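If you read the sequence shown in UniProt numbering, its first letter stands for residue 1, the second for the next number, and so on. Below is one structure, written out as structure tokens; comments come after it.
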Amino acid sequence: MADIPFLTIGLIFGLLLIFALQRSLAIDIAPDGSLNVRSLIAQGASGYDLVVERGEWWRIGLAPLLHGSGWHLISNCVALFIVGVRLESLIGRGWFSLIFVASAVAGEAGSLLGNGSGTVGVGASGAITGLIAALFVASFDPEADADQTISRLKTSLFFGVPALLPLAFGASGNVNYYAHAGGALAGAALAIMPWLAFWSYDSLPRSASMTLLAGFIGSLICAGFAAAHYSSYMADAVHYIRASEVPSKADEIVSRSSDLVTRYPKDPRAHLFRAISFLEQANLSAAETETRTAMSLAASDVAGGPVRVGAQGLMAVLMWAQGRNSEAKAMAVEPCRAKLADVRRILQKQKLCG
């Protein structure tokens, strides 16, 4: 019975139940199954603007339990199960619980330090990466046979390398690699502690009850704060384009931009779409006006980071098209450094980066 990963299975079921609750409370769900970012913010997603500037620290205890889509949840649960099967029985449920909770918090810290303002994140990947790092460290247990060691190392490297390696290349895309890094550091540090006691995990507390109880109480307290703020965030969400209404093709952006600006004048994305539409019509002056409006709105939007960077990239292209080369290159500095690969690729094509 000690070898059955009850805790791992329990954590997976807990994450599934939380996601089901998320879907029931979401203001909108995109065609691909992802939840509206405004819903995630109301439910407890974290970000520098939200946690540091607004002082909503309670998000640190909720964001690791939330997921942005079904695929996001499934991929995390698969990794958690495969790693948990190998790690839980090896180090005990007490250490497993401690590493999961500590890595979740450390992952949030890494995310806040590494990601810029306007970035919103959710997911248990920081906690899971901490378990992966712990499995890698624990794989060197001298009491294990060669086959066990190789199996554990293969598993930890299979999940750990893609979770951390992109940090060496700028960590572009939508994956929160900084959360992975924070979780991995915490997981590895905790897993090394028994090494100081001559590789005896039994020499340290193995009971999971206190860690789980503390984590559960902490999450409930954070959920209470989220509930108190929920209505105000959801009321604000109606002023932004719903996930199911966001244009997915270039021709939709052009044809629907005017309607979206009329219905959602506070949403910087609507003005960015309108600017793209004007650019298609070669109306550079109107495109610049809408782009500046998008930049201004995005600067004060807790989820506006990617939109602001995209608007800056478009502004750089507009300036370049008008022969304002020095202004274009200055405007392109931040987009060229950002994680938005598509924006950076367009600017590199115009030789505005570097």
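Glycine included, C-beta positions come from ideal geometry on N, C-alpha and C. Predicted model, so just to flag it, every value in this text is computed and none were measured.
Please name the residue or residues paired with residue i in a DSSP beta bridge.
i      : result
Gly-61 : DSSP lists no partner for Gly-61.
Ile-29 : Leu-35
Ser-46 : Gly-121
Under DSSP, the alpha helix (DSSP H) around residue i begins and ends at which residues?
i       : result
Leu-90  : 70–91
Glu-53  : It is not in any alpha helix (DSSP H) - Glu-53 carries neither H nor E in the DSSP assignment.
Glu-290 : 284–299
Gly-305 : 305–321
Cys-353 : Careful: Cys-353 lies outside any alpha helix (DSSP H) and carries neither H nor E.
Phe-159 : 146–164
Ser-139 : Element bounds for Ser-139: n/a, residue is neither H nor E.
Arg-337 : 333–337
Gly-187 : 177–192
What distance in whole Å lies between the Cβ atoms of residue j and residue i, which are believed to be in contact at a cut-off of 8 angstroms?
i       : j       : result
Gly-310 : Leu-272 : 6 angstroms
Leu-35  : Ala-26  : 5 angstroms
Ser-244 : Ala-30  : 6 angstroms
Gly-123 : Gly-84  : Going by Cβ atoms, the distance from Gly-123 to Gly-84 rounds to 17 angstroms, so no, they are not a contact pair.
Ala-163 : Leu-62  : Going by Cβ atoms, the distance from Ala-163 to Leu-62 rounds to 22 angstroms, so no, they are not a contact pair.
Thr-211 : Ser-97  : 4 angstroms
Leu-11  : Leu-80  : 6 angstroms
Ile-60  : Val-52  : Not really, about 11 angstroms apart at Cβ, beyond 8 angstroms.
Cys-353 : Ala-321 : Contact doesn't hold; Cβ gap of about 16 angstroms is too wide.
Gly-121 : Gly-182 : With 8 angstroms as the limit, Gly-121 and Gly-182 do not qualify as a contact, their Cβ atoms being about 12 angstroms apart.
Ile-41  : Val-307 : Not confirmed; about 14 angstroms, so no contact.
Ala-179 : Ser-39  : Between Ser-39 and Ala-179 the Cβ distance is about 20 angstroms, and since that is not below 8 angstroms, they are no contact.
Gly-55  : Phe-100 : Rounded, the Cβ-Cβ distance is 26 angstroms, inconsistent with contact.
Pro-166 : Gly-126 : About 15 angstroms; that fails the 8 angstroms criterion.
Ser-257 : Arg-242 : Contact doesn't hold; Cβ gap of about 16 angstroms is too wide.
Thr-155 : Ile-82  : 6 angstroms
Leu-66  : Ile-128 : Rounded, the Cβ-Cβ distance is 14 angstroms, inconsistent with contact.
Ala-226 : Trp-58  : 7 angstroms
Trp-71  : Gly-33  : 7 angstroms
Is residue i near the ligand PLP, with its Cβ less than 8 angstroms from a heavy atom?
i       : result
Ala-191 : Annotation note on the ligand PLP: not contained in the displayed structure, which lists no ligands.
Kindly say whether residue i, judged by its beta-carbon, lies nearer than 9 angstroms to any beta-carbon of chain D.
i       : result
Lys-329 : No chain D appears in this structure, which consists of one protein chain only.
Determine contact between the segment 227–235 and the segment 103–117, defined as no fewer than three beta-carbon pairs at a distance below 8 angstroms. no
In chain order, which alpha helix (DSSP H) runs of at least 4 residues are fully inside the segment 203–273? 209–237 and 250–263
Are there three or more Cβ pairs, one per stretch, closer than 8 angstroms when the segment 295–306 is compared with the segment 101–112? no
Three Cβ pairs or more, each shorter than 8 angstroms: is that satisfied between the segment 82–95 and the segment 136–155? yes
Between the segment 331–340 and the segment 143–161, do three or more beta carbon pairs fall short of 8 angstroms? no
Counting pairs of Cβ atoms below 8 angstroms between the segment 283–291 and the segment 314–327, do you hit three or more? yes
Does the segment 16–23 come within contact of the segment 183–194, defined as at least 3 CB pairs closer than 8 angstroms? no
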